[in-house]
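J.: Each protein sequence line maps, in turn, to chains A and B.
In terms of this note's numbering, the first sequence opens at residue 2 and continues consecutively.
In terms of this note's numbering, the second sequence opens at residue 180 and continues consecutively.
A virtual CB, placed ideally from N, CA and C, is assigned to each residue, including glycine.
This is the structure I want to talk about, given as structure tokens.
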Amino acid sequence: MSQSPAAQTQVMQSQVTHLPVATGRVGRLAQSLMAMSLGLFIVGVVGFSHMDVIHNAAHDVRHSNAFPCH
Amino acid sequence: MSTFRSIVFSSVIAGFIVGLIVTAAQQFGTVPLILKAEVYEKAAEHKHEAAAPAQAILVHDHAEHDHGAEAWEPRDGLERNLYTVGANILTAIGFALLLCGFFSVRSGATGEPISWHEGLMWGLAGFAVFTIAPGLGLPPELPGVPTAPLLSRQIWWATAVLATSAGLGLIVFRRSMPAAIAGVVLIMLPHLIGAPELEHVETNMPSSLSHQFVVAVTLTSLVFWSLLGSLTSGAFAYFDRPAWA
Numbered sequence: 002m003s004q005s006p007a008a009q010t011q012v013m014q015s016q017v018t019h020l021p022v023a024t025g026r027v028g029r030l031a032q033s034l035m036a037m038s039l040g041l042f043i044v045g046v047v048g049f050s051h052m053d054v055i056h057n058a059a060h061d062v063r064h065s066n067a068f069p070c071h
Numbered sequence: 180m181s182t183f184r185s186i187v188f189s190s191v192i193a194g195f196i197v198g199l200i201v202t203a204a205q206q207f208g209t210v211p212l213i214l215k216a217e218v219y220e221k222a223a224e225h226k227h228e229a230a231a232p233a234q235a236i237l238v239h240d241h242a243e244h245d246h247g248a249e250a251w252e253p254r255d256g257l258e259r260n261l262y263t264v265g266a267n268i269l270t271a272i273g274f275a276l277l278l279c280g281f282f283s284v285r286s287g288a289t290g291e292p293i294s295w296h297e298g299l300m301w302g303l304a305g306f307a308v309f310t311i312a313p314g315l316g317l318p319p320e321l322p323g324v325p326t327a328p329l330l331s332r333q334i335w336w337a338t339a340v341l342a343t344s345a346g347l348g349l350i351v352f353r354r355s356m357p358a359a360i361a362g363v364v365l366i367m368l369p370h371l372i373g374a375p376e377l378e379h380v381e382t383n384m385p386s387s388l389s390h391q392f393v394v395a396v397t398l399t400s401l402v403f404w405s406l407l408g409s410l411t412s413g414a415f416a417y418f419d420r421p422a423w424a
């Protein structure tokens with residue numbers, strides 16, 4: 002079965018236009034999750050590390066944020 | 180600009196500003212109380228050593244273990260405050276990255292930028308999740324007050340944060356009766372289990388000082404989260420703009 006050239010162009014266009022939108026959205030979610038993990042990592046190191054040096058440096062901040070300290 | 184870069188740019192800028200403002204607020208609110216509490220903490224340590232000279236070595240060992248007397252610590256005054264500024268800015272950037280991730284997912288789904296007011300609501304949710312919920316079971320503590328082992332408290336703290344955020348998420352985004360009930364139960368759950376605590380707490384810390392500290396921490400935290408929510412959303416709406424233009 003042969004399709005008209007116009008219909009073929011339409012099929013190609015729909016492929017061309019839909020694919021990037023889908024990957025763009027996945028990319029946005031993945032990038033957001035990556036940023037959130039980075040944020041949790043930073044808060045974890047500053048506020049929850051058991052290392053004495055980090056504890057002593059961030060001591061007043063831990064207490065002021067009511068993170069469990071000592 | 181890629182989403183990740185917009186998130187990082189907005190979080191660093193908002194976190195820097197909020198970290199500086201909150202450090203100033205803490206200098207009036209929480210830090211004077213921490214310094215006062217350390218006077219009681221040191222007095223209690225000396226009393227122990229004077230009362231039981233035979234056990235002095237033991238007490239000293241204990242103090243070293245608890246407070247890292249051998250480890251480096253910043254000198255009181257400028258050095259200590261500089262580290263406090265740094266830690267405040269890093270904490271603010273960390274929480275800003277978390278908020279901004281939500282903003283990015285939300286605006287990606289709705290197709291509209293997050294307004295500063297919506298950002299403020301998210302900030303208040305952060306206040307409920309990270310300050311109010313864990314603070315019910317583990318009230319903000321002053322240095323020198325005996326507490327349950329650190330790791331057990333950290334685990335309970337994280338459990339309360341996870342349960343409260345999941346519960347609020349169910350209530351706000353599911354909009355159905357069973358989800359709302361499940362959400363409320365989830366928020367209550369860690370408190371029904373109960374936070375780890377010592378059976379006998381002996382302290383020379385005046386209870387009025389501890390109470391003042393709870394109020395000071397809660398108020399500075401409210402300032403922190405309100406500012407962080409609205410500033411981060413404003414910055415993100417600006418940097419993420421090309422996507423909506």
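Are the segment 400-410 of chain B and the segment 294-309 of chain B touching by the rule of at least three beta carbon pairs closer than 8 Å?
T.: Cβ pair count under 8 Å is three or more, so yes.
J.: Return no unless some Cβ of chain A is closer than 8 Å to the Cβ of B/R332.
T.: Judged by the 8 Å Cβ criterion, B/R332 is in contact with chain A.
J.: Less than 8 Å between the beta carbons of B/G323 and B/A223, yes or no?
T.: Contact flag set, yes.
J.: Ignoring anything shorter than 4 residues, give me the alpha helix (DSSP H) runs that lie fully in the segment 369-421 of chain B, in order along the chain.
T.: Counting only runs of 4 or more, we get 386-418.
J.: Could you tell me if B/T343 is buried or exposed, where buried requires 16 or more neighbouring beta carbons within 10 angstroms of its beta carbon?
T.: Classification for B/T343: buried.
J.: Given a threshold of 16 other Cβ atoms within 10 Å of its Cβ, counted over all protein chains shown, does B/W301 qualify as buried or as exposed?
T.: Classification for B/W301: buried.
J.: Have a look at B/A359, B/L214 and B/F274 and flag the residue whose alpha-carbon is nearest the alpha-carbon of B/G256.
T.: Closest option to B/G256, Cα to Cα, is B/L214.
J.: Of all the CB atoms in chain B, is at least one closer than 8 Å to the CB of A/S50?
T.: With 8 Å as the cut-off, A/S50 does not count as an interface residue toward chain B.
J.: When DSSP labels each residue in this structure, what does B/R354 get in the three-state scheme?
T.: DSSP places B/R354 in coil when its eight states are reduced to three.
J.: Which residues in the same chain have their Cβ closer than 6 Å to the Cβ of B/P369, if we skip the five residues on either side of it in sequence?
T.: Excluding sequence neighbours, B/P369 sits near T338, A339 and A342.
J.: In the structure shown, what three-state DSSP assignment does B/F188 receive?
T.: If DSSP states are grouped into helix, strand and coil, B/F188 belongs with the helices.
J.: Starting from the Cα of B/T326, find the closest Cα among B/V363, B/P319 and B/L377 and give me that residue.
T.: Measuring from the Cα of B/T326, the nearest candidate turns out to be B/L377.
J.: Would DSSP call B/I293 helix, strand or coil?
T.: Reduced to three states, the DSSP call for B/I293 is coil.
J.: Against chain A, does B/T182 count as a neighbour if the rule is that its beta carbon must be under 8 Å from one of theirs?
T.: True, the Cβ-Cβ gap to chain A drops below 8 Å.
J.: With B/R254 as the anchor, note down where its alpha helix (DSSP H) starts and where it stops.
T.: No alpha helix (DSSP H) contains B/R254, which DSSP labels as neither H nor E.
J.: In whole angstroms, give me the CA-to-CA distance for B/T310 and A/H71.
T.: Taking the straight line joining both Cα atoms gives about 18 Å.
J.: With the cut-off set at 8 Å, would you say B/A270 and B/T202 are in Cβ contact?
T.: It should be noted that the sequence gives Thr, not Ala, for residue 270 of chain B. No, these two residues do not count as a Cβ contact at 8 Å.
J.: Measure how close the beta-carbons of B/P292 and B/A416 come, nearest whole angstrom, since I'm counting them as under 8 Å.
T.: Indeed, because the Cβ distance is near 4 Å, the residues count as touching under 8 Å.
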